[in-house]
Structures are given as C-alpha cells and as structure tokens.
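Heads up, the thing below is written out as structure tokens.
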Amino acid sequence: MQINLTGRHLDITEPLKQFVDEKFSKLERHFDHINNVYVILSVEKIRQIAEATVHVNGAEIFANSESEDMYAAIDLLIDKLDRQVIKHKEKITRH
C-alpha cells in the first residue's frame, strides 16, 4: 500500500506522517487489496480537515472528517474508511 500525504496550509511533520502510516495499517488488516491512498490534511482557521481517497480493487473509497485537533480528525477519518472498506469487502465476497 502506497500512501501519498499532502498538506494544505500545514507542514507534514515526521510524527504526523508516522501517525497516518500507523492508522492506515489498521485498514490493511481488514482488506489487503488496497493499492494507493491519497491523504490530504488541511487547516482552515480553527478547522483541521483530513480527507482520503483509497483505491481498492474495483472501487474508490472516499471519506473526510474535521475536528479542532488534527490527530482527532485523522482518527475520525480512519473510522469512516474502516466501515466503508469492510462494507466493500462484504459486497465483493457476496458475489
């Protein structure tokens, strides 16, 4: 799985990059056919926004979240993506 991390109005620090890598490895435990992940972290005044597009075999999964803390926004994002990835995996295995 390749993770492309982009920051808008935000410098991507090494701890932030490691946090994202660690969280996205959780997704790979549920579904190992993840090809690419595009993550955009942005700051707009006090809003910390995290968005991600996950390319899996046969689909693209998108989610975004916002919080006053970037780490909390990433946690919310991972929770949303996790539910969508599990739903996608169930849809594939049903057919």
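The sequence shown begins at 89 in the numbering used here and counts up one residue at a time.
Beta carbons: idealized from backbone N, C-alpha and C, even for Gly.
Limits of the beta strand (DSSP E) - the one that residue i falls within
i: L93; result: 90-96
i: N145; result: Looking at the DSSP string, N145 is not in any beta strand (DSSP E), and its letter there is neither H nor E.
Backbone CA spacing between residue i and residue j [nearest angstrom]
i: N123; j: A151; result: 16 Å
i: K168; j: I174; result: 10 Å
i: E116; j: Q136; result: 25 Å
i: R182; j: H121; result: 16 Å
i: L104; j: K111; result: 11 Å
i: H118; j: D157; result: 26 Å
i: D109; j: Q172; result: 18 Å
CB of residue i within 8 Å of CB of residue j, strictly
i: Y126; j: T141; result: yes
i: E154; j: A147; result: no
i: L93; j: S130; result: no
i: I128; j: R96; result: yes
i: K114; j: D170; result: yes
Where residue i falls, given that 16 or more other Cβ within 10 Å makes a residue buried
i: H176; result: buried
i: I166; result: buried
i: I149; result: buried
Range of the contiguous alpha helix (DSSP H) that encloses residue i
i: I162; result: 158-182
Residue-chain proximity (residue i, chain D), Cβ-Cβ < 8 Å
i: E156; result: No chain D appears in this structure, which consists of one protein chain only.
>> List, from N- to C-terminal side, the beta strand (DSSP E) runs of 3 residues or more that fit wholly inside the region 113-141.
In response: You should have 122-132.
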